[in-house]
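A quick write-up on the structure given underneath.
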Amino acid sequence: MSGPSQRLLHLYHTLLRAFGPQHWWPGESAFEMMVGAILTQSVAWTNVEKAILNLKASGVLSPQALREIAIERLAELVRPSGYYRAKAAKIKALVEHLDGYGDDLDRFFDKDLDDLRTELLGIHGVGEETADAIILYAAEKPTFVIDAYTVRILDRLDLSPASPWYGAYKAWLEQHLPGDAGMFNEYHALLVRLGKDFCKKTPNCTPCPLLSLCPTGQARATAIL
DNA sequence: ACCCAGGTGGCCC
DNA sequence: GGGCCACATGGG
């Protein structure tokens, strides 16, 4: 008989074997990751890439430049990522907050994980998933990021906590896995890879890496997602 | 033409 | 504290 820890580790190794390391988060700097974390809210990453490209081409992918740019112009630049007016306001809120640290991310991140998380949640536009993505991928501290793919895949595998809240999934995973930031990083990225690049695009995916893990034997991704 | 994509905040009860 | 809803573009 195998408990949640064994099953979660097995899932991790299965995905890692199937897909290899994902090298997340996509982005050249911690600040770019933070902006990307906001832009990717409820939107396909391909849209975010266009928006980031616009910001780079305009030379405004820095906290100071983003504070100085007019919000209407910022909105136009991030337009491809959807919800563009709302996201422009969120980015403004983020860089205003960073102003309090002289735009020094190391100084911003240099605090207890829970304190950093609470502070992030106080920024307009930063909810739990975005906060955890920033903590894990930009600050490189061990928190597990829960997103829609994670929930659906774990539910399908009957590997879910009792309560359906964000915090319950997060606690469930952190409780049953070694608290290693590198592993949380890779694990979340692999779950998204499975959901995004594999399941949707491969109807009846015969080589589905979850096949041996699914209790009902119906781990075809079309069934999962 | 429709559906959905790596959520969040505001408002209502 | 939960249940709705607005927010909006781009690709399948």
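FYI, our numbering numbers position 84 of the first sequence as 84, with every residue one higher than the one before it.
For glycine and all other residues, C-beta sits at the position ideal for the given N, C-alpha and C.
Treat the numbers as computed from the prediction; the structure is a model and nothing was measured.
Proximity of residue i and residue j at Cβ, strictly below 7 Å
| i | j | result |
| --- | --- | --- |
| Met33 | Ala138 | yes |
| Glu129 | Asp147 | yes |
| Asn43 | Gly3 | Sequence inspection shows Val at residue 43; the Asn mentioned does not correspond to that position. Cβ atoms of Val43 and Gly3: not closer than 7 Å. |
| Val126 | His188 | no |
| Val192 | Tyr149 | yes |
| Lys90 | Ile38 | yes |
| Leu8 | Leu177 | yes |
| Leu113 | Lys141 | yes |
Residue span of the alpha helix (DSSP H) that contains residue i, given as start and end
| i | result |
| --- | --- |
| Ala89 | 84 to 99 |
| Phe108 | 105 to 109 |
| Phe184 | 181 to 193 |
| Asp114 | 113 to 121 |
| Thr130 | 128 to 133 |
| Gln175 | 166 to 176 |
| Tyr12 | 4 to 19 |
Close-in-space but distant-in-sequence residues of the same chain around residue i (CB under 6 Å, 5 per side omitted)
| i | result |
| --- | --- |
| Leu154 | Ser160 |
| Phe108 | Tyr101 |
| Trp25 | Met33, Tyr137 |
| Pro228 | It is not possible to answer for residue 228, since the shown part of the chain is limited to 1 through 225. |
Where residue i falls: helix, strand or coil (DSSP)
| i | result |
| --- | --- |
| Gly36 | helix |
| Val151 | helix |
| Ile71 | helix |
| Leu61 | coil |
| Pro203 | In this prediction, Pro203 scores a pLDDT of 48, lower than 50, which makes its location untrustworthy; no coordinate-derived value is stated. |
| Trp45 | helix |
| Leu157 | coil |
| Lys141 | coil |
| Ile146 | coil |
| Ala30 | helix |
| Ala162 | coil |
| Ile224 | Caution is warranted here: a pLDDT of 39 is assigned to Ile224, below 50, making its placement in the model unreliable, and no coordinate value can be reported. |
Rounded C-alpha distance that separates residue i from residue j
| i | j | result |
| --- | --- | --- |
| Arg79 | Trp165 | 31 Å |
| Ile135 | Lys92 | 19 Å |
| Gly36 | Leu74 | 14 Å |
| Thr14 | Leu194 | 11 Å |
| Asn54 | Arg17 | 35 Å |
| Phe19 | Leu121 | 32 Å |
| Asp106 | Ala181 | 17 Å |
| Arg117 | Leu98 | 14 Å |
| Ile69 | Ala86 | 16 Å |
| Ala168 | Gln175 | 10 Å |
| Leu66 | Leu157 | 43 Å |
| Thr46 | Ser163 | 32 Å |
| His23 | Ala171 | 24 Å |
| Asp115 | Lys50 | 33 Å |
| Ala57 | Ser5 | 45 Å |
| Met183 | Thr40 | 22 Å |
| Val48 | Gly179 | 30 Å |
Neighbourhood of residue i by C-beta, 7 Å cutoff - its chain only, sequence neighbours within 5 removed
| i | result |
| --- | --- |
| Lys111 | none |
| Pro21 | Glu186 |
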